[in-house]
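Student:
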Amino acid sequence: MIDSHAHLDDEAFDEDREEVINNLKSDGIDLIVNNSSDLPSSKNSVELASKYENIYAAIGVHPHEAETYNDEVRSELIELSKNEKVVAIGEIGLDYYYDNSPREIQREVFKKQIELASKLGKNIVIHSRDASQETFDILKEAHEKYDFTALIHCYSQSVEMLEEYLKMGDYIALGGAVTFKNAKTPKEVAEVVPLDKLLLETDCPYMTPVPHRGKRNEPKYVKLVADYIADLRKIDVEELVKHTDENTKRFFGI
Ligand code: NI
Numbered sequence: 664m665i666d667s668h669a670h671l672d673d674e675a676f677d678e679d680r681e682e683v684i685n686n687l688k689s690d691g692i693d694l695i696v697n698n699s700s701d702l703p704s705s706k707n708s709v710e711l712a713s714k715y716e717n718i719y720a721a722i723g724v725h726p727h728e729a730e731t732y733n734d735e736v737r738s739e740l741i742e743l744s745k746n747e748k749v750v751a752i753g754e755i756g757l758d759y760y761y762d763n764s765p766r767e768i769q770r771e772v773f774k775k776q777i778e779l780a781s782k783l784g785k786n787i788v789i790h791s792r793d794a795s796q797e798t799f800d801i802l803k804e805a806h807e808k809y810d811f812t813a814l815i816h817c818y819s820q821s822v823e824m825l826e827e828y829l830k831m832g833d834y835i836a837l838g839g840a841v842t843f844k845n846a847k848t849p850k851e852v853a854e855v856v857p858l859d860k861l862l863l864e865t866d867c868p869y870m871t872p873v874p875h876r877g878k879r880n881e882p883k884y885v886k887l888v889a890d891y892i893a894d895l896r897k898i899d900v901e902e903l904v905k906h907t908d909e910n911t912k913r914f915f916g917i
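Taking the working numbering, the leading residue of the sequence shown gets 664, the next gets one more, and so forth.
Right, dumping it as structure tokens:
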């Protein structure tokens, strides 16, 4: 199966990155999309994707790092996007929980990267935390101007907003958070999201699913997310994964 969102370039994997990657196949993980947070991590993602057949890359500047985005970074992202393993721009968006970059700059850089993605003919992977309405408003306006599809990663917004995203043709991804005891809304979302609009992810090394919560997350734990959602929906996990894998390939054009 596929892990549609990982950060294998993260320093949490510095000790055993090769081992984790070499074990993917025996762990039952066929493909990974490695997401980026800034220019250096975009370069690392492309390097991993170039080196390993089963890794693809999303490149871009995360809202935490929005202040690092400039014309030079934009040009370098355009260069990197020429690599055929680069399948999306991400993760980009808004994070008003940590506010690591000023909100005005986050919004500006988010909009600029949506425009860049549409220019490059790539879809986008969205990070949104404590900014659901503004994220939605920016995407709605962008959908009217540009041609792209968005994937709302680690979806934690309401069921009502999900309906609005679906109307725009967007996708959502769910990960370890659905397994957390207090995660009422992600569970509701997991039950109702159409099977042709859902992707599965780990966001490793973060968001480790139960029962490994507190430890480093790894791509292989995406299976725990699949089991959990299949249980919630009362369907076979094979059936669920057949859809989520197909959706991932369709969304990223793999
Ligand atoms: Ni992420």
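Backbone N, C-alpha and C define an ideal beta-carbon position, used for all residues, glycine too.
Are the beta-carbon atoms belonging to residue 739 and residue 705 less than 9 Å from one another?
Tutor: It is a contact, given that the beta carbons lie within the stated cut-off.
Student: Contact between the stretch 878 to 886 and the stretch 684 to 703: three or more CB pairs below 8 Å?
Tutor: Segments in contact, yes.
Student: Closer than 6 Å between the C-beta and any heavy atom of the ligand NI: which residues qualify, listed along the chain?
Tutor: That query returns the following residues: 668, 670, 698, 754 and 866.
Student: Measure the C-alpha to C-alpha separation of residue 744 and residue 783 and round it to an integer number of angstroms.
Tutor: In a straight line, the C-alpha of residue 744 is about 8 Å away from that of residue 783.
Student: Take residue 798 as the anchor and find which of 808, 809 and 820 has the nearest alpha-carbon.
Tutor: Among 808, 809 and 820, the Cα nearest to that of residue 798 is on 820.
Student: What does DSSP give as the partner residues of residue 721 in its beta bridges?
Tutor: Paired residue(s): 751.
Student: Using the three-state DSSP reduction, which class does residue 784 fall into: helix, strand or coil?
Tutor: Residue 784: coil per DSSP, three-state reduction.
Student: Could you tell me the distance, in whole angstroms, from the CA atom of residue 787 to the CA atom of residue 846?
Tutor: Computed Cα separation, rounded: 25 Å.
Student: Under 9 Å between the Cβ atoms of residue 670 and residue 868?
Tutor: Taking 9 Å as the Cβ cut-off, residue 670 and residue 868 qualify as a contacting pair.
Student: Does the beta-carbon distance from residue 720 to residue 750 come in below 9 Å?
Tutor: Yes, the pair counts as a contact, with Cβ atoms nearer than the cut-off.
Student: Would you mind sorting residue 916 into buried or exposed? The rule is 16 or more other CB atoms within 10 Å of its CB.
Tutor: Under this definition residue 916 is an exposed residue.
Student: Would you give the residue range spanned by the alpha helix (DSSP H) that residue 906 belongs to?
Tutor: Segment 900 to 915, the alpha helix (DSSP H) holding residue 906.
Student: Does DSSP classify residue 834 as helix, strand or coil?
Tutor: Reduced to three states, the DSSP call for residue 834 is strand.
Student: Can you name the start and end residues of the alpha helix (DSSP H) that residue 684 belongs to?
Tutor: Taken as a continuous stretch (DSSP letters only), the alpha helix (DSSP H) holding residue 684 covers 680 to 685.
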